[in-house]
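The numbering used here puts the first residue of the sequence shown at 0, with every later residue one more than the last.
We put the CB at the ideal spot given by N, CA and C, even for glycine.
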Amino acid sequence: MLICFIRTIILYFLLILVIRLMGKRQLGEMGPTEFVVAILIADLASVPMQDLAIPLLSGIIPILTILAAELLLSVICYHCPGMRRLFSGKPVILMEDGVLLQKNLKKTRITPDELTELLREKDVVDLRTVQYAILETNGQISALVYPEHQPPTAKEAGVTVEQTQLPVTIISSGKLLRENLPVAGRTEDWVKKVLQAHRCDVSQVYLLTVEPGGQLYLSVKERA
0 MLICFIRTII
10 LYFLLILVIR
20 LMGKRQLGEM
30 GPTEFVVAIL
40 IADLASVPMQ
50 DLAIPLLSGI
60 IPILTILAAE
70 LLLSVICYHC
80 PGMRRLFSGK
90 PVILMEDGVL
100 LQKNLKKTRI
110 TPDELTELLR
120 EKDVVDLRTV
130 QYAILETNGQ
140 ISALVYPEHQ
150 PPTAKEAGVT
160 VEQTQLPVTI
170 ISSGKLLREN
180 LPVAGRTEDW
190 VKKVLQAHRC
200 DVSQVYLLTV
210 EPGGQLYLSV
220 KERA
């Protein structure tokens with residue numbers, strides 16, 4: 000039982016490492032090659048987890064081989080557009096100037112009902128407002144509406160807005176992140192004053208963030 004536990008833990012962390020090495024793009028939306036790799040890796044890892052008669056190395060080597068092949072293919076596709084189109088395909092226009100391209104819909108096996116559903120997910124209801132609807136290589140639909148149907152930007156509306164500033168986390172789950180204090184331009188004395196003003200200490204704070212402009216967000220831990 001202990002050996003099975005140890006093997007499972009080793010393979011678990013190995014799979015996390017493999018997914019991390021594959022890159023963040025694969026974590027978001029997988030293309031055909033990434034989908035195949037994910038299935039193969041999951042299958043390869045499950046065998047040595049369940050069958051103790053199989054050496055652990057016999058499960059690790061195929062996983063690392065698949066990883067190496069995926070990384071090599073990614074480099075080749077990056078430098079060779081022809082290979083990229085071969086393995087990932089290319090975008091397909093499904094609507095143009097408000098007109099459904101029935102040939103392309105049939106080619107991609109997307110029904111009009113499915114297309115309208117996907118467009119509604121993009122907050123597009125009126126098909127007449129769609130200039131282009133494109134099926135991307137990752138299976139997602141990109142909807143480009145005519146300029147006159149797009150919401151105005153702040154610049155177009157003549158409205159002055161403040162620049163977006165990223166908050167810096169100072170306290171997380173009751174722990175003071177001292178390495179973030181210089182980033183936020185704050186000190187521990189400042190943290191103490193903030194906590195005194197809110198009548199709490201570090202251990203009671205679930206989250207404390209501060210923006211460069213000085214805006215605070217403080218959330219106190221809920222009582223169990």
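> Of the choices S57, L66, V46 and V160, whose alpha-carbon is the least far from that of A37?
Replying inline: Residue L66 is the option with its Cα nearest to A37.
> What residue from C79, Y11, A44 and D50 has the CA that sits closest to T64's CA?
Replying inline: In terms of Cα proximity to T64, the closest of C79, Y11, A44 and D50 is A44.
> Any chance the region 40 to 57 sits against the region 77 to 91, with 3 or more Cβ pairs inside 8 Å?
Replying inline: No, the region 40 to 57 does not touch the region 77 to 91.
>> Quick check on H148: does DSSP put it in helix, strand or coil?
In response: Three-state DSSP puts H148 in a helix.
>> Per the DSSP calculation, L217 is bridged to which residue(s)?
In response: Beta-bridge annotation (DSSP): L217 is paired with L207.
> Hey, out of P211, L16 and M94, whose CA is closest to I59's CA?
Replying inline: By alpha-carbon distance to I59, the top candidate from P211, L16 and M94 is L16.
> Nearest CA to the CA of L20: which residue from I140, I62, D200 and P54?
Replying inline: Cα-wise, what sits closest to L20 is I62.
> So, are the CB atoms of V250 and L215 less than 8 Å apart?
Replying inline: In this structure the chain extends from 0 to 223, so residue 250 is not present and cannot be described.
> Roughly how many angstroms separate the alpha carbons of Q130 and D96, rounded to a whole number?
Replying inline: Looking at the two C-alpha atoms, the distance is approximately 4 Å.
>> Here's a check: name, in chain order, each residue in its chain whose Cβ is nearer than 7 Å to the Cβ of V209, leaving out the five neighbours to either side.
In response: Sequence-distant partners of V209 (beyond 5 residues in either direction) whose C-beta falls short of 7 Å from its own C-beta, in its chain, are P166, V167, I169, A183, R185 and L215.
> When DSSP builds the beta bridges, which residues end up paired with K174?
Replying inline: Answer is S171.
> If L126 and I140 are in contact, beta carbons under 8 Å, what's the gap, nearest whole angstrom?
Replying inline: Wrong, their Cβ atoms sit about 13 Å apart, outside the cutoff.
> Going by alpha carbons, who is nearest to N103 out of P111, D112 and L93?
Replying inline: Closest in C-alpha terms to N103, from the list P111, D112 and L93, comes L93.
> Exposed or buried, L1, counting other C-beta atoms within 10 Å across all chains shown (16 or more means buried)?
Replying inline: Classification of L1: exposed, given that the 10 Å Cβ count is below 16.
>> Do Q203 and V190 have their beta-carbon atoms positioned less than 8 Å apart in this structure?
In response: Not in contact: V190 and Q203 (Cβ atoms no closer than 8 Å).
>> Which of the three DSSP states is assigned to I109 in this structure?
In response: Reduced to three states, the DSSP call for I109 is coil.
> Per DSSP, L72 forms a beta bridge with which residues?
Replying inline: Answer is none; L72 lacks a bridge partner.
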